[in-house]
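Taken in sequence, the protein lines are chains A and B. Just so we're aligned: 107 in our numbering is position 107 of the first sequence, and the numbers increase by one with no gaps anywhere. Just so we're aligned: 295 in our numbering is position 16 of the second sequence, and the numbers increase by one with no gaps anywhere. Just below is one structure, and these are the notes that go with it.
There are 2 protein chains.
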Amino acid sequence: METRELRYFVAVAEELSFVRAAARLGIAQPPLSRAISQLERRLGVTLLERSSRGAALTGAGSVLLREARAALDAVEAAERRTKRAAIDQAGLVLVTKAGASTELLAKLLDAYDAEPDAVPLEVLLCGIGEQEPMLRDGRADVALLHLPFDSTAGFDIEELGTERQVVLLPAGHPLTTRTHLRVDEVHDLTGLPLPRWPRRDGSYPDGPGPQVRDNMQLLQLVSLGRACMIVPESVRGHLPEGVAAVPVLDAAPVTTVIAWPPHSRSRALAALVRTATRL
Amino acid sequence: METRELRYFVAVAEELSFVRAAARLGIAQPPLSRAISQLERRLGVTLLERSSRGAALTGAGSVLLREARAALDAVEAAERRTKRAAIDQAGLVLVTKAGASTELLAKLLDAYDAEPDAVPLEVLLCGIGEQEPMLRDGRADVALLHLPFDSTAGFDIEELGTERQVVLLPAGHPLTTRTHLRVDEVHDLTGLPLPRWPRRDGSYPDGPGPQVRDNMQLLQLVSLGRACMIVPESVRGHLPEGVAAVPVLDAAPVTTVIAWPPHSRSRALAALVRTATRL
DNA sequence: GGGCGGCCATACCCCACGGGTATAGCGTGG
DNA sequence: CCACGCTATACCCGTGGGGTATGGCCGCCC
Numbered sequence: 001m002e003t004r005e006l007r008y009f010v011a012v013a014e015e016l017s018f019v020r021a022a023a024r025l026g027i028a029q030p031p032l033s034r035a036i037s038q039l040e041r042r043l044g045v046t047l048l049e050r051s052s053r054g055a056a057l058t059g060a061g062s063v064l065l066r067e068a069r070a071a072l073d074a075v076e077a078a079e080r081r082t083k084r085a086a087i088d089q090a091g092l093v094l095v096t097k098a099g100a101s102t103e104l105l106a107k108l109l110d111a112y113d114a115e116p117d118a119v120p121l122e123v124l125l126c127g128i129g130e131q132e133p134m135l136r137d138g139r140a141d142v143a144l145l146h147l148p149f150d151s152t153a154g155f156d157i158e159e160l161g162t163e164r165q166v167v168l169l170p171a172g173h174p175l176t177t178r179t180h181l182r183v184d185e186v187h188d189l190t191g192l193p194l195p196r197w198p199r200r201d202g203s204y205p206d207g208p209g210p211q212v213r214d215n216m217q218l219l220q221l222v223s224l225g226r227a228c229m230i231v232p233e234s235v236r237g238h239l240p241e242g243v244a245a246v247p248v249l250d251a252a253p254v255t256t257v258i259a260w261p262p263h264s265r266s267r268a269l270a271a272l273v274r275t276a277t278r279l
Numbered sequence: 280m281e282t283r284e285l286r287y288f289v290a291v292a293e294e295l296s297f298v299r300a301a302a303r304l305g306i307a308q309p310p311l312s313r314a315i316s317q318l319e320r321r322l323g324v325t326l327l328e329r330s331s332r333g334a335a336l337t338g339a340g341s342v343l344l345r346e347a348r349a350a351l352d353a354v355e356a357a358e359r360r361t362k363r364a365a366i367d368q369a370g371l372v373l374v375t376k377a378g379a380s381t382e383l384l385a386k387l388l389d390a391y392d393a394e395p396d397a398v399p400l401e402v403l404l405c406g407i408g409e410q411e412p413m414l415r416d417g418r419a420d421v422a423l424l425h426l427p428f429d430s431t432a433g434f435d436i437e438e439l440g441t442e443r444q445v446v447l448l449p450a451g452h453p454l455t456t457r458t459h460l461r462v463d464e465v466h467d468l469t470g471l472p473l474p475r476w477p478r479r480d481g482s483y484p485d486g487p488g489p490q491v492r493d494n495m496q497l498l499q500l501v502s503l504g505r506a507c508m509i510v511p512e513s514v515r516g517h518l519p520e521g522v523a524a525v526p527v528l529d530a531a532p533v534t535t536v537i538a539w540p541p542h543s544r545s546r547a548l549a550a551l552v553r554t555a556t557r558l
């Protein structure tokens, strides 16, 4: 199988339409139909059920969609990492969620700068759930992830620390006088729904609660009395006016891990991980 | 980058010769030279230093070799898993080292057969270090690995158990009267060297000790008084005549894990893992 | 030191295949 | 029942991947 075939199939499988997929790929529809037919014939497998109103994935097609995405990520990573390896002063790219583990990140950057074989370290702050694909397709070399929110599937990891969670409430809310809360008490807060975060495709789940895209929005909504949110304890250091935090004793503790693609052989990465685990 | 280009590059990088690589690929040498040149030009990176006596990898070339192997494994896995998904009665393929964890494996097979959503389970016994590539390129769905010998890099795992290690000695050897030994005592056994196992490419490391390829050879050599070997405790149940086992207290304990490729969505696999962890 | 052999690059040719246009077949909905 | 939208088929063209022949370069051996 050639990567071109995989790209074509992924386009069709995602669009569920040969016409739209062809447009997205910048080619005409007939060659695309032919390419997919050839792929099916070579594999000896039916990947799509065609109808006069589009296409639907078969079971094998769903498998190939998942596997093809992974394979294309690997190819893309190969290209990116090779290009970067050719640059003399190539540093490391560290990616983490904006606003998370700021304390830890600052300490890590400081400590790493003091290391003997440190290289330039580029810090990339991204949104929810974007770190994993970046690590997988080579846009980043290393990430700070937060269990149980992020998946570490397929990466090497080291745990850096665990913290309890707190609920962010508007200052002056009755519950801010409490020394601690339970999860079910937080869910029962009428008038203070949990916000809705975007899914990977950018759409929002249904339900009550305001739609938020980043931590600034979240903090503002909390201070306005429109939402509450359970977050790791470490954000307490950077709370704006109008937002209070109360520990939630039975919320799942959050573990911060440093993650990198398996089989890495970079000295610089090893030094960074070593530094992180010694913090 | 197309997989054809990656296959070509891997061949050249492994052979360090355009002529031999072309022969291996079944094409003529000039098209291969051209393909690699095109790849380098498109990447804007020099991958190989040519000389009149062959080729040598640059730094970027080594990176691409590693990454290309991973990417090709992913593509191959995509193809294999898609084909298997199209077969109705596709079962699971479990791979483990021949002669290891026999006890555990037997229990697992029994227990899994009793599961409600069990599927046909094919057991593949392979040699040292072959499980990881098989899992990575889709020849197997799940593996029993043994830490710290096998690498679990890039896989999802669950621990199944830990056991101490014993040293296998010829029956009648003076040390067989001891109730336990230390690692340094085993290494000092003159006349009973540790055997040499093949590396991934099939060659053997230098040093004393007989060359062995599998457990049968090993046991025979031990019973002949030509070698000793530190192995997990569970092999004690299947020792032939002429081989004795003595616990080695400070040898690293061996952890058996069940491992599978990340992002699996198979019910059957989930059931197998669940069964294994409940043993 | 010169001829020789092995290796990679260049030059040139050919055809297979990827891509384009035109159009047919077909199911659906107004 | 027709019109629309989707996929499949037919046919053409050009690129580029593969082949052979050959040249240049370097180390080796006589």
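No residue lacks a Cβ here, since even glycine has one placed at the ideal position from N, Cα and C.
Of all residues in the region 142 to 159 of chain A, only Ala-153, Gly-154 and Asp-156 come within less than 7 Å of chain B when Cβ atoms are compared, listed by chain position. With 16 or more neighbouring CB atoms inside 10 Å of its own CB, B/Arg-415 falls in the buried class.
Residue-level contact check: A/His-173 does not touch chain B, since none of the beta carbons of chain B fall below 9 Å from its beta carbon. Of the candidates B/Leu-285, B/Ala-531, B/Cys-507 and B/Met-495, the residue whose Cα lies closest to the Cα of B/Leu-351 is B/Leu-285.
Using a Cβ-Cβ cut-off of 9 Å, A/Ser-37 does not count as an interface residue toward chain B, since no Cβ of chain B sits closer than that to its own. Against B/Gly-323, the close residues of chain A are Lys-83 and Ala-86, in the order they occur along the chain (beta-carbon pairs closer than 9 Å). A/Ala-35 carries a helical assignment under DSSP once its states are collapsed to helix, strand and coil.
Think of a sphere of 9 Å around the beta carbon of A/Thr-277: no beta carbon from chain B falls inside it, the nearest being about 17 Å out. Per the coordinates, the alpha-carbon of B/Val-354 lies some 41 Å from the alpha-carbon of A/Ser-234. One thing to note: B/Val-525 has its Cβ no nearer than 9 Å to the Cβ of B/Trp-539. Going by DSSP, B/Gln-444 is part of the beta strand (DSSP E) stretching over 444 to 449. When Cβ pairs closer than 8 Å are counted between the two stretches, the region 296 to 307 of chain B is seen not to touch the region 192 to 204 of chain A, the count staying below three. In the DSSP assignment, A/Pro-148 falls outside any alpha helix (DSSP H) and carries neither an H nor an E.
When B/Glu-437, B/Ala-523 and B/Leu-468 are compared, the shortest CA-CA separation from B/Leu-558 is found for B/Glu-437.
DSSP, read as helix, strand or coil, puts B/Glu-394 in coil. Under the Cβ criterion (8 Å, minimum of three pairs), the region 336 to 347 of chain B does not count as touching the region 367 to 381 of chain B.
When only Cα atoms are considered, A/Ser-37 and A/Leu-160 end up about 49 Å apart.
Taking 9 Å as the cut-off, the Cβ atoms of A/Ala-21 and A/Ala-28 do not count as close. In the three-state DSSP reduction, A/Glu-159 falls in the strand class (E or B). Residue pairing from DSSP places B/Leu-460 in a beta bridge opposite B/Val-527. Contact note: A/Glu-2 reaches chain B through Glu-281, Thr-282 and Arg-283, using a C-beta cutoff of 7 Å and chain order.
Beyond the five residues adjoining it in sequence on each side, A/Glu-132 comes within less than 7 Å, by CB distance, of Asp-150 and Ser-151 in the same chain, given in chain order.
Cβ neighbours of B/Ser-502 within its own chain (closer than 8 Å, five residues either side excluded): Pro-449, Ala-450, Pro-519, Glu-520, Gly-521 and Val-522. When C-beta distances to chain B are compared with 7 Å, the residues of the region 56 to 80 of chain A below that value are Gly-59, Ala-60, Val-63, Leu-64, Arg-66, Glu-67, Ala-68, Ala-70, Ala-71, Ala-74, Val-75, Ala-77, Ala-78 and Glu-79, in chain order.
Between the region 225 to 234 of chain A and the region 99 to 109 of chain A there are three or more inter-stretch CB-CB distances shorter than 8 Å, so the stretches are counted as touching. Closest in alpha carbon position to B/Glu-401, among B/Thr-325, B/Val-462, B/Leu-326 and B/Ala-422, is B/Ala-422.
Each residue's CA atom was taken as its position, placing B/Met-280 and B/Val-446 some 50 Å apart.
Residues of chain B whose Cβ lies closer than 7 Å to the Cβ of A/Pro-262 are, in chain order, Ala-432 and Gly-433.
Secondary structure within the region 36 to 86 of chain A: the beta strand (DSSP E) runs of 3 or more consecutive residues, fully enclosed, are 48 to 51 and 54 to 57 (chain order). Taking the C-beta atoms as reference points, A/Arg-80 is found nearer than 9 Å to A/Gly-138. Sorting B/Ile-366, B/Gln-368 and B/Val-533 by C-alpha distance to the C-alpha of B/Pro-427 places B/Val-533 at the top.
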